[in-house]
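If you're matching positions, the sequence shown starts at 1 in UniProt numbering and goes up one per residue.
Note that the Cβ used here is the ideal one computed from N, Cα and C, for glycine as well.
Bear in mind that the values here come from a model prediction, so they are computed numbers and not experimental data.
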Amino acid sequence: MRMTRAKYGLGQVVRHKRHPFRGVVFDVDPEFNNTEEWYQAIPEDSRPAKEQPFYHLLAENDQSFYIAYVSEQNLVADYSGEPVDHPDIPEFFGPFEDGHYPLDVQLN
Numbered sequence: 001m002r003m004t005r006a007k008y009g010l011g012q013v014v015r016h017k018r019h020p021f022r023g024v025v026f027d028v029d030p031e032f033n034n035t036e037e038w039y040q041a042i043p044e045d046s047r048p049a050k051e052q053p054f055y056h057l058l059a060e061n062d063q064s065f066y067i068a069y070v071s072e073q074n075l076v077a078d079y080s081g082e083p084v085d086h087p088d089i090p091e092f093f094g095p096f097e098d099g100h101y102p103l104d105v106q107l108n
């Protein structure tokens with residue numbers, strides 16, 4: 001089994017390299033873990049390799065908030081210092097501080 005290491009961490013703010021959105025990482029898959037139908041819907045000339053981390057993001061753009069699933073090769077760290085306004089952030093994280101969101105998890 002191949003070992004992969006995620007470049008971005010939970011609570012980190014990232015942005016897409018080619019599309020105008022940014023988001024907060026709330027989960028990471030060590031490699032592609034979505035449906036083949038989803039994967040095939042990506043144009044072949046921009047389809048990412050499956051053997052890399054994929055990130056679940058609480059994403060935003062100028063028009064809306066949504067959940068995005070993005071390969072590591074298509075992300076860059078966002079150093080703008082600006083918070084992401086996705087309404088689901090408080091379900092996972094504490095207040096924005098020092099450029100990221102700290103995990104806000106209560107253990108039973």
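Cβ neighbours of residue i in the same chain (closer than 6 Å, five flanking residues each side left out)
i	result
G81	G99
Which residues DSSP lists as bridging residue i, in chain order
i	result
L75	H16
Y69	H56
D27	H56
R5	In the DSSP output, where bridge partners are listed per residue, R5 has none listed.
Local conformation of residue i per DSSP, three classes
i	result
D98	coil
F92	helix
G11	coil
Close-in-space but distant-in-sequence residues of the same chain around residue i (CB under 7 Å, 5 per side omitted)
i	result
P102	G11, F93 and G94
D104	F92, F93 and G94
Same chain only: Cβ atoms within 8 Å of residue i, ignoring 5 sequence neighbours per side
i	result
H56	V25, F26, D27, V28, D29, I67, A68 and Y69
F34	According to the sequence as given, residue 34 is Asn; it is not Phe. Excluding positions up to five away in sequence, the list reads F54 and Y69.
For this session: Determine contact between the stretch 37-45 and the stretch 75-92, defined as no fewer than three beta-carbon pairs at a distance below 8 Å.
Result: no
Problem set entry | Contact between the stretch 11-22 and the stretch 54-74 (3+ Cβ pairs under 8 Å) | yes
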